[in-house]
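The listed protein sequences derive, respectively, from chains D and R.
The first sequence runs 1 to 110 under my numbering.
The second sequence runs 1 to 110 under my numbering.
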Amino acid sequence: NAGVTQTPKFRVLKTGQSMTLLCAQDMNHEYMYWYRQDPGMGLRLIHYSVGEGTTAKGEVPDGYNVSRLKKQNFLLGLESAAPSQTSVYFCASSYGDTQYFGPGTRLTVL
Amino acid sequence: GQQVMQIPQYQHVQEGEDFTTYCNSSTTLSNIQWYKQRPGGHPVFLIQLVKSGEVKKQKRLTFQFGEAKKNSSLHITATQTTDVGTYFCAGGGATNKLIFGTGTLLAVQP
């Protein structure tokens, strides 16, 4: 039981490049979330999903898109990366109220 | 929108001293959760409080939920070096979304 996994662990992009972050969970959770973590600002919700095929905007959705084609996977896309998107990205999943986090992806946009 | 503030942002203690972090929400919460994030790690669920005035203990950690369900605290008795990390509160509302506080970074000097 791997829990929540994220790929890649690290990535460096140039401004304007695109990329997709993959989150996978093997706990059969309905809910999945993408957060970004910046120094002094805690965790901010980007997008979330309440089930396969559904997505919704969180607190800071601009510049990101998501898809949940399969229940176990939640993809976060950056179409045109900007330096302001340099951050650590965490994926989480939940069945009830408790959220289980992945190890994070550290993204740097130059 | 809903905001959850935590104080202090940073606390440095000598090993054996007590530590408290406080969490305040701008709105009434259905529940409050606490997470711990070790340096370089990901947030890990500690506990959830649901009832007004609820107090829960986990060994040296004591968690309280305010009577108005708008504030909470985490108290650690006799800190140890293993307590180092950032402690986040997270407020739960009507959906499965959480609003995370800004976190308190605890440093423990041996």
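Ideal placement from N, C-alpha and C gives every residue a C-beta, glycine not left out.
The structure presented is a predicted model; accordingly, all values stated were derived computationally and were not measured.
Taking a Cβ-Cβ cut-off of 9 Å, D:G51 has no neighbours in chain R, whose nearest Cβ is about 11 Å from it. Under the three-state reduction of DSSP output, D:Q85 falls in the helix class. Rounded to whole angstroms, the gap between the alpha carbons of R:T27 and R:K51 is 15 Å. The alpha-carbon separation between R:L49 and D:R44 amounts to approximately 21 Å. In the same chain as R:Q109, and ignoring 5 residues on each side of it, the C-beta atoms closer than 6 Å to its own belong to Q14, in chain order. The shortest C-alpha to C-alpha distance from D:E52 to any of D:R68, D:P61 and D:T15 is the one to D:R68. Excluding five sequence positions before and after D:T20, the CB atoms of its chain that fall closer than 6 Å to its own CB belong to L75 and G77, given in chain order. With its beta carbon at least 8 Å from every one in chain D, R:F65 lies outside the interface. Closest by C-alpha distance to R:I99, out of R:N31, R:F19 and R:T21, is R:N31.
Pairing R:S25 with R:K56 gives a Cβ-Cβ distance that is not under 8 Å. C-alpha of D:Y100 to C-alpha of D:Y89: approximately 14 Å in a straight line.
With respect to chain R, the C-beta atom of D:S94 has a partner C-beta closer than 8 Å. Taking 7 Å as the upper bound on Cβ-Cβ separation, chain R lies near residues Y31 of the region 12-34 of chain D.
Residues are counted here when their Cβ sits less than 8 Å from a Cβ of chain D; for the region 8-23 of chain R these are Q9, given in chain order. Cβ-Cβ distances below 8 Å link D:K14 to A81, V109 and L110 in the same chain, with the five nearest sequence neighbours on each side left out; the list follows chain order. With a 10 Å radius around the Cβ and a threshold of 16 neighbouring Cβ atoms, R:R38 comes out exposed. The beta-bridge partner set that DSSP reports for R:N96 is empty.
Secondary structure at R:T28: coil, using DSSP grouped into helix, strand and coil. Look at R:T79 here: in three-state DSSP terms it is coil, with no helix or strand label.
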